[in-house]
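In this text, residue positions in the first sequence follow the numbering used here: the first is 388, and each later residue adds one. Working notes, beginning with the structure itself.
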Amino acid sequence: MSTPEAPKDFIRTIVAEDLASGKHETVVTRFPPEPNGYLHIGHARAICLNFGIAEEFGGRCHLRLDDTNPAKEEARYVAAIQEDIRWLGYDWGEHLYYASDYFETLYQWAEHLIEHGKAYVDEQDPETIRAQRGTLTEPGVESPYRDRPKEESLDLFRRMRAGEFPDGAMVLRARIDMASPNLNLRDPVIYRILHKPHPHAGDQWCIYPMYDFAHGQSDAIEGITHSLCSLEFENHRPLYDWFLDNLPVPHRPRQIEFARFNLSYTVMSKRKLLRLVEEGRVSGWDDPRMPTLSGLRRRGYTPSSIRSFMAKTGITKTGGTVEVALLEATLRDELNETAPRRMAVLRPLKLTITNWPAGRTVPVEVPNHPGRPELGTREVPFGGSLWIERDDFREEPPKKFFRLAPGREVRLRYAFNVVCDEVVKDASGRVVELKCRYDPESRGGGGRKVKGIIHWVSAEHGVPAEVRLYDHLFRLPDPEAEGDFLEALNPASLETVRAVLEPALAAAGAGERFQFERAGYFWPDPIDHRPEAPVFNRIVALRDSWAKIEKKGG
RNA sequence: UACCCGAUGGUGUAAUUGGCAACACAACAGGUUUUGGUCCUGUCGUUCCAGGUUCGAGUCCUGGUCGGGUAGCCA
Numbered sequence: 388m389s390t391p392e393a394p395k396d397f398i399r400t401i402v403a404e405d406l407a408s409g410k411h412e413t414v415v416t417r418f419p420p421e422p423n424g425y426l427h428i429g430h431a432r433a434i435c436l437n438f439g440i441a442e443e444f445g446g447r448c449h450l451r452l453d454d455t456n457p458a459k460e461e462a463r464y465v466a467a468i469q470e471d472i473r474w475l476g477y478d479w480g481e482h483l484y485y486a487s488d489y490f491e492t493l494y495q496w497a498e499h500l501i502e503h504g505k506a507y508v509d510e511q512d513p514e515t516i517r518a519q520r521g522t523l524t525e526p527g528v529e530s531p532y533r534d535r536p537k538e539e540s541l542d543l544f545r546r547m548r549a550g551e552f553p554d555g556a557m558v559l560r561a562r563i564d565m566a567s568p569n570l571n572l573r574d575p576v577i578y579r580i581l582h583k584p585h586p587h588a589g590d591q592w593c594i595y596p597m598y599d600f601a602h603g604q605s606d607a608i609e610g611i612t613h614s615l616c617s618l619e620f621e622n623h624r625p626l627y628d629w630f631l632d633n634l635p636v637p638h639r640p641r642q643i644e645f646a647r648f649n650l651s652y653t654v655m656s657k658r659k660l661l662r663l664v665e666e667g668r669v670s671g672w673d674d675p676r677m678p679t680l681s682g683l684r685r686r687g688y689t690p691s692s693i694r695s696f697m698a699k700t701g702i703t704k705t706g707g708t709v710e711v712a713l714l715e716a717t718l719r720d721e722l723n724e725t726a727p728r729r730m731a732v733l734r735p736l737k738l739t740i741t742n743w744p745a746g747r748t749v750p751v752e753v754p755n756h757p758g759r760p761e762l763g764t765r766e767v768p769f770g771g772s773l774w775i776e777r778d779d780f781r782e783e784p785p786k787k788f789f790r791l792a793p794g795r796e797v798r799l800r801y802a803f804n805v806v807c808d809e810v811v812k813d814a815s816g817r818v819v820e821l822k823c824r825y826d827p828e829s830r831g832g833g834g835r836k837v838k839g840i841i842h843w844v845s846a847e848h849g850v851p852a853e854v855r856l857y858d859h860l861f862r863l864p865d866p867e868a869e870g871d872f873l874e875a876l877n878p879a880s881l882e883t884v885r886a887v888l889e890p891a892l893a894a895a896g897a898g899e900r901f902q903f904e905r906a907g908y909f910w911p912d913p914i915d916h917r918p919e920a921p922v923f924n925r926i927v928a929l930r931d932s933w934a935k936i937e938k939k940g941g
């Protein structure tokens with residue numbers, strides 16, 4: 388399942404070298420999400436990287452829930468995380484781990500540090516500890532407890548575990564260097580008291596290790612060779628290595644950092660996504676406009692398009708913003724190849740053929756994919772009463788508009804040419820119907836060549852449906868550029884229309900993706916669609932060069 | 001005026017590790033087409049700056065500029 392043309396990035400280069408030099412016999416990576424929220428497309432990069440490398444080099448990739456903080460984590464996220472990773476196409480086999488399963492070992496290692504004079508219990512309150520940490524330009528101040536006898540620290544630490552002290556009463560700190568220019572090395576807190584049951588470990592702990600004291604050690608326990616994380620952990624690497632240097636770990640992993648990525652027209656932080664959900668700006672974590680994997684899945688994105696997108700954007704240490712246009716182009720590329728074509732009228736306008744024999748219906752043979760004849764054809768019923776796209780008619784056509792207008796001729800795709808003779812309006816002046824004349828000689832493309840070709844659905848046979856037209860959630864490339872990102876929300880990110888589908892679409896099965904000709908790629912909404920009440924989502928629109936021409940001319 | 005990291009078209013990545021700056025997306029111009037889709041062709045760069053080494057520098061050296069990260073008992 389490896390993604391084609393995967394670029395050889397600096398991390399893969401390191402892995403290849405470590406394998407070639409014999410430093411490692413096999414590569415072991417891990418994807419370590421904290422179960423405190425839903426996975427988004429930013430996580431997909433880490434997933435594709437870690438699982439991708441394991442796959443390409445014949446190693447393995449572990450799924451590890453990084454659950455060291457019961458105050459923020461919930462068991463319900465674990466299932467969602469697994470579902471998202473599987474959906475993306477990756478499998479951790481039996482290698483499902485929890486950092487919390489290592490708590491006992493971690494605890495023993497903490498005592499080991501104390502016994503070697505490399506950790507101490509600090510009874511100062513959080514404010515004092517913070518004040519003593521110093522600033523970016525000034526060194527910190529040593530805690531008065533820093534040099535207390537190790538026996539005393541050991542006793543206190545054991546009593547911390549036994550639950551003798553309330554939350555915040557004291558912490559265990561690594562004893563490193565309060566003057567280090569790297570703040571992470573200024574005697575970091577490694578254990579805190581938290582009288583809170585743990586979603587995975589249950590109620591056996593009331594002290595919990597901090598990330599820094601858990602991550603590298605977990606890597607070591609699992610035999611991880613390359614521990615890949617995002618750039619913001621770069622400053623933590625010296626600490627990561629310090630623990631490995633000072634603990635009797637069974638293995639030596641290496642941390643390598645890569646740049647996180649940003650996508651234009653969206654936000655990625657869990658906090659902001661949560662706000663969208665909580666304030667009801669979207670329908671939930673799986674709203675098709677959300678950059679979450681569950682949102683993209685519901686929207687209709689294919690996992691392969693996301694993997695391929697990740698391969699195209701590559702892995703570097705340069706922070707940047709990828710244009711959503713690339714994601715969309717990647718999806719279109721795939722769907723153009725694979726999606727069967729259908730006709731659907733999104734904003735229906737009645738077209739009546741005045742010279743069509745009353746009550747007559749003829750089947751029109753239509754290819755399922757013009758570029759792939761092997762996909763066969765289907766019959767679409769054609770009659771004298773049709774729906775066409777409202778946008779395909781202009782009473783006063785602008786320059787370069789070559790669709791229908793009074794007196795103009797267009798081809799009804801795969802069927803006949805028609806000329807518009809009369810425009811019918813209602814009392815308010817709104818166009819409600821076009822009366823046209825068809826050319827019996829023009830069937831299937833015979834007769835005059837015309838510039839305009841439009842799609843249609845027989846009014847008698849068409850199936851009404853709700854169609855949800857999704858657009859970017861934000862109207863600015865960088866929603867957080869200025870002020871509140873909510874002000875950048877795109878008011879038109881969802882438009883729901885009452886459309887009419889060609890009959891064949893009524894039988895669409897779950898998971899089937901189609902191109903609605905001239906409109907875009909669509910699929911039945913996985914939750915709301917029912918055969919008797921169809922609901923389709925627009926996954927992505929087709930490129931629309933007429934819209935560009937019109938925008939320029941207007 | 002701390003420490004760490006980064007800088008190549010509008011965007012994201014390449015460049016045989018010192019040898020003609022390449023690919024994709026976007027934009028623009030044209031061609032093909034029973035989807036204004038697809039497909040095809042073309043256009044779009046002082047490789048952050050200044051010096052230096054070299055026959056030759058995106059790549060090496062020195063200095064600078066700009067951008068990002070870091071002061072949770074979050075991860």
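Note that the Cβ used here is the ideal one computed from N, Cα and C, for glycine as well.
Backbone secondary structure at residue i - three-state DSSP
i: residue 886; result: strand
i: residue 464; result: helix
i: residue 409; result: coil
i: residue 584; result: coil
i: residue 642; result: strand
i: residue 394; result: Summary for residue 394: the model assigns pLDDT 48, below 50, so the residue's position carries little reliability; its value from the coordinates is reported in the next sentence. Residue 394 falls in the coil class under three-state DSSP.
i: residue 627; result: helix
i: residue 589; result: strand
i: residue 827; result: helix
i: residue 855; result: strand
i: residue 822; result: strand
i: residue 617; result: strand
i: residue 402; result: helix
i: residue 679; result: strand
i: residue 459; result: coil
i: residue 850; result: strand
i: residue 845; result: strand
i: residue 636; result: coil
i: residue 571; result: helix
i: residue 389; result: A caution first: residue 389 carries a pLDDT of 36, below 50, which makes its placement in the model too unreliable to give a value.
i: residue 835; result: coil
Sequence-distant residues of the same chain with beta carbon closer than 8 Å to residue i, five excluded per side
i: residue 552; result: 546 and 580
i: residue 708; result: 648, 649, 650, 651, 864 and 865
i: residue 398; result: 436, 440, 613, 615, 643, 645 and 702
i: residue 597; result: 455, 575, 576, 577, 578 and 579
Neighbourhood of residue i by C-beta, 7 Å cutoff - its chain only, sequence neighbours within 5 removed
i: residue 492; result: 608
i: residue 793; result: 782, 807 and 810
i: residue 733; result: 776, 854, 884, 886 and 906
i: residue 918; result: 893
i: residue 915; result: 922
i: residue 588; result: 487 and 490
i: residue 862; result: 875 and 877
Bridge-paired residues (DSSP) for residue i
i: residue 731; result: 888
i: residue 861; result: 876
i: residue 940; result: DSSP, once it has assigned bridges, lists no residue as partnering residue 940.
i: residue 840; result: 798
i: residue 594; result: 580
i: residue 649; result: 708
i: residue 351; result: Nothing about residue 351 can be read from this structure; the chain reaches only from 388 to 941.
i: residue 812; result: 818
i: residue 691; result: None; residue 691 has no bridge partner.
Cβ neighbours of residue i in the same chain (closer than 6 Å, five flanking residues each side left out)
i: residue 784; result: 792
i: residue 751; result: 767, 769, 801 and 802
i: residue 388; result: At residue 388 the pLDDT is 37, less than 50, meaning the model places this residue with poor confidence; the figure from the coordinates comes in the next sentence. Excluding residues within five positions, the ones whose Cβ falls inside 6 Å are 476.
i: residue 453; result: 419, 421 and 486
i: residue 451; result: 417, 419 and 484
Any beta strand (DSSP E) of 3 or more consecutive residues that is wholly inside the stretch 875–929: At a cut-off of 3 residues, the continuous stretches assigned as beta strand (DSSP E) that sit fully inside the stretch 875–929 are 881–888, 901–903, 907–911 and 922–928.
Continuous beta strand (DSSP E) assignments of at least 3 residues falling wholly in the stretch 733–806: The stretch 733–806 contains these whole beta strand (DSSP E) runs: 735–740, 748–754, 764–770, 772–776 and 796–799.
contact_flag[the stretch 921–928, the stretch 771–783] where n(CB pairs < 8 Å) is 3 or more: They do not touch, by the three-pair rule.
The stretch 423–432 touching the stretch 630–639, judged by at least three CB pairs closer than 8 Å: Touching, no, given that fewer than three Cβ pairs across the two stretches are closer than 8 Å.
Alpha helix (DSSP H) segments (min. 4 residues) lying fully within the stretch 414–456: Complete alpha helix (DSSP H) runs here, min 4: 428–443.
Within the stretch 477–563, ranges of the beta strand (DSSP E) (whole runs, at least 3 residues): Listed in chain order, the complete beta strand (DSSP E) runs (minimum 3 residues) inside the stretch 477–563 are 483–485, 506–509 and 558–561.
Sufficient close CB pairs (3 or more, under 8 Å) joining the stretch 764–774 to the stretch 854–864: Between the stretch 764–774 and the stretch 854–864, the count of Cβ pairs shorter than 8 Å is below three; the stretches do not touch.
Contact between the stretch 555–569 and the stretch 492–506 (3+ Cβ pairs under 8 Å): Because the criterion of three Cβ pairs below 8 Å is met, the stretch 555–569 and the stretch 492–506 touch.
The stretch 591–607 / the stretch 618–633 touching (three or more Cβ pairs under 8 Å): By the Cβ rule, the stretch 591–607 counts as touching the stretch 618–633, because three or more pairs are nearer than 8 Å.
Sufficient close CB pairs (3 or more, under 8 Å) joining the stretch 678–695 to the stretch 735–755: Contact fails: fewer than three Cβ-Cβ distances are below 8 Å.
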